[in-house]
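Quick notes on the structure that follows.
There are 2 protein chains.
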Amino acid sequence: MPRPGRRDHIIEVAIELFCENGFHATGVDTIMRTAGVSKKTLYNHFRSKDELILASLQQHDGVFRNNFMRSVEQLADTPRERLLAIFDSARTWFDGQNFFGCMFVNVIGEYSDPTNPVREVSRNFKQMLRRYIYELSRQAGAENPDELADEIAILLEGAIVTAQVSGTSGGAKTAKRIAAQLLDTHLPK
Amino acid sequence: MPRPGRRDHIIEVAIELFCENGFHATGVDTIMRTAGVSKKTLYNHFRSKDELILASLQQHDGVFRNNFMRSVEQLADTPRERLLAIFDSARTWFDGQNFFGCMFVNVIGEYSDPTNPVREVSRNFKQMLRRYIYELSRQAGAENPDELADEIAILLEGAIVTAQVSGTSGGAKTAKRIAAQLLDTHLPK
DNA sequence: ATAGAGATAAACAGATCGGTTTCCTTTTTC
DNA sequence: GAAAAAGGAAACCGATCTGTTTATCTCTAT
Chain H
1 MPRPGRRDHI
11 IEVAIELFCE
21 NGFHATGVDT
31 IMRTAGVSKK
41 TLYNHFRSKD
51 ELILASLQQH
61 DGVFRNNFMR
71 SVEQLADTPR
81 ERLLAIFDSA
91 RTWFDGQNFF
101 GCMFVNVIGE
111 YSDPTNPVRE
121 VSRNFKQMLR
131 RYIYELSRQA
141 GAENPDELAD
151 EIAILLEGAI
161 VTAQVSGTSG
171 GAKTAKRIAA
181 QLLDTHLPK
Chain E
1001 MPRPGRRDHI
1011 IEVAIELFCE
1021 NGFHATGVDT
1031 IMRTAGVSKK
1041 TLYNHFRSKD
1051 ELILASLQQH
1061 DGVFRNNFMR
1071 SVEQLADTPR
1081 ERLLAIFDSA
1091 RTWFDGQNFF
1101 GCMFVNVIGE
1111 YSDPTNPVRE
1121 VSRNFKQMLR
1131 RYIYELSRQA
1141 GAENPDELAD
1151 EIAILLEGAI
1161 VTAQVSGTSG
1171 GAKTAKRIAA
1181 QLLDTHLPK
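From first to last, the protein sequence lines are chains H and E. Our numbering numbers the first residue of the first sequence as 1 and each following residue consecutively. Our numbering numbers the first residue of the second sequence as 1001 and each following residue consecutively.
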């Protein structure tokens, strides 16, 4: 049995490197050296680099999900306010040290084959986010929560990629301003 | 002197390969083989792969700019209608055969170093797009064209990345719906 | 204490990477 | 038509890639 914690540590290191430098550009040697682990150990935990990529994406899915939702829920109490707090959470994410855009968007840019499993993982992640927004919309009393969820989700995506390209987090405020307007039309007064 | 047209052809091929398979994953050998050109010729036109990447981005900037703006201007006549037509043009782009997201976003996902010249090229491209939207907003009589331009730009970014991840173009309609609402508030009745 | 699993460092394999060079042919130019 | 430039095919370079193997060491469980 492998020693506990090692696998998670490798994944943790891999996520950072993949986010910062990309997937093809990050070699197995770099990951193993950064993690302070031998190559045999790495390949004892993961059959291939592709499997490590997949495991990293799935781990990041869970971690990001928890952090983001907890952040939103700490910033606001009502569903309506939380829909807006999404963009405040995003803003602090953008301003953080290790912001390199959305890992799931970045990975898709490197693997365009529709049958590549990373694409399904990325789709699932975005669907999860959208479902979260949908639940908030429903709880907030939106007349058409599906429409509102699609709209907020697009705003969030736009803010993320704008922050990634521009290197500033100003887009979060713009997106929040639009979102506030959308809430006024979708939510009962 | 190099034979005319060769350089452009290499760039054309490189753009397609970079968009479809990414930048690190696309080797010089693949580009040269696909372009039907010898390696010597390729390196006669470009000092390095990095220079070819840069030239490809700059070429794509020009081509995309022309195609996109022409498409928008053919779809609508008034500035206000053109602001909405942006999302119709985007939609046909998404539905096209060779849609792999925005090349300038994809390249940034692979090169995070802020001093890398590809980042400046990408920033410039996005600023150009935003300026175009700003001009339309101003011509349409927006009270605050800067705000409106920022908003439309974020909607466009969100639609692009949503289409890339989901593999569908439905986000374009959602973004257009939001844009229409924004125009109602920013533009005089 | 000892057997066995897990870990390490390192060499190794075969392929591919970006880039250069060589030799020869084709094209342009005067 | 001849000199000069450009292109093509392929060998070649050193480095790096993913992945395997070997030999040695260090835990841990009985």
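Idealized CB from N, CA, C, for every residue including glycine. Nothing here was measured: the structure is a model prediction, and the numbers come from that model.
From the beta-carbon of glutamate 135(H), no residue of chain E is found nearer than 8 Å; the closest lies around 18 Å away. Of the candidates Phe1094(E), Gln1074(E) and Gln1139(E), the residue whose Cα lies closest to the Cα of alanine 1085(E) is Gln1074(E).
By the Cβ criterion, the stretch 168-179 of chain H is in contact with the stretch 89-100 of chain H, since at least three pairs of Cβ atoms, one from each stretch, lie closer than 8 Å. Between valine 1161(E) and cysteine 1102(E), the C-beta spacing is below 9 Å. Close CB contacts of glutamine 1164(E) within its chain, under the 6 Å cut and outside five residues either way in sequence, are with Gly1101 (chain order).
Secondary structure within the stretch 1077-1121 of chain E: the alpha helix (DSSP H) runs of 4 or more consecutive residues, fully enclosed, are 1079-1095 and 1103-1110 (chain order).
Of the other Cβ atoms in all chains shown, fewer than 16 fall within 10 Å of the Cβ of lysine 39(H); this residue is therefore exposed. Relative to alanine 1090(E), the option among Asp1077(E), Phe1064(E) and Leu1057(E) whose CA is nearest is Phe1064(E).
For asparagine 1144(E), there is no enclosing alpha helix (DSSP H), as DSSP gives it neither H nor E.
Taking C-alpha positions only, lysine 176(H) is separated from arginine 47(H) by approximately 43 Å.
Secondary structure at serine 1038(E): coil, using DSSP grouped into helix, strand and coil. Per the Cβ contact rule, the stretch 139-152 of chain H is not in contact with the stretch 117-124 of chain H (fewer than 3 Cβ pairs under 8 Å). At a cut-off of 9 Å, the C-beta of aspartate 1150(E) has a neighbouring C-beta in chain H. By the 16-neighbour rule on beta-carbons within 10 angstroms, alanine 180(H) is exposed. Residue-level contact by beta carbon fails for tyrosine 132(H) and chain E, as no gap is shorter than 9 Å. Distances from the CA of tyrosine 1134(E) to each of Tyr1111(E), His1186(E), Val1107(E) and Ser1166(E) were compared; the closest alpha carbon is that of His1186(E).
The alpha-carbon separation between tyrosine 43(H) and lysine 126(H) amounts to approximately 30 Å. In the DSSP assignment, phenylalanine 1046(E) falls outside any alpha helix (DSSP H) and carries neither an H nor an E. Taking 9 Å as the threshold, the shortest C-beta distance from serine 1112(E) to chain H falls below it. Non-local C-beta neighbours of isoleucine 31(H) in its own chain, meaning closer than 8 Å and more than five positions away in sequence, comprise Ile10, Val13, Ala14, Leu17, Leu42 and Leu52, ordered along the chain.
At the C-beta level, glycine 1062(E) and alanine 159(H) stay beyond 9 Å of one another.
Less than 9 Å divides the Cβ of glycine 1022(E) from the Cβ of tyrosine 111(H). Collapsing the DSSP output to three states places phenylalanine 23(H) in coil. Within the same chain, Pro1079, Arg1082 and Leu1083 come within 7 Å of leucine 1136(E) by CB-CB distance, once the 5 residues on both sides are set aside. For a cut-off of 8 Å, the C-beta gap from isoleucine 178(H) to leucine 148(H) is around 12 Å, too long to register as a contact. Exposed is the label assigned to threonine 1168(E), since fewer than 16 other Cβ atoms lie within 10 Å of its Cβ.
The beta carbon of alanine 76(H) sits closer than 6 Å to the beta carbons of Arg82 and Ala85 from its chain, once the five residues preceding and following it are set aside; these are given in chain order.
For leucine 182(H), the enclosing alpha helix (DSSP H) covers residues 170-186. The residue from Cys1019(E), Ile1152(E) and Asp1008(E) with its alpha-carbon nearest to that of phenylalanine 1087(E) is Ile1152(E). Ranked by Cα distance from aspartate 1146(E), the options Leu1183(E), Lys1049(E) and Lys1189(E) are led by Leu1183(E).
For glycine 141(H), the nearest beta carbon of chain E is not closer than 9 Å to its own beta carbon. Aspartate 113(H) counts as exposed, since fewer than 16 other C-beta atoms from the protein chains shown sit within 10 angstroms of its C-beta. Annotation: asparagine 1106(E) to asparagine 106(H) spans about 7 Å, alpha carbon to alpha carbon. Sequence-distant partners of phenylalanine 99(H) (beyond 5 residues in either direction) whose C-beta falls short of 8 Å from its own C-beta, in its chain, are Trp93, Ala163 and Gln164. Taking the Cβ atoms as the reference, leucine 54(H) lies roughly 12 Å from phenylalanine 104(H), outside the contact range of under 8 Å.
Residue state for lysine 1189(E) is assigned as coil, using DSSP reduced to three classes.
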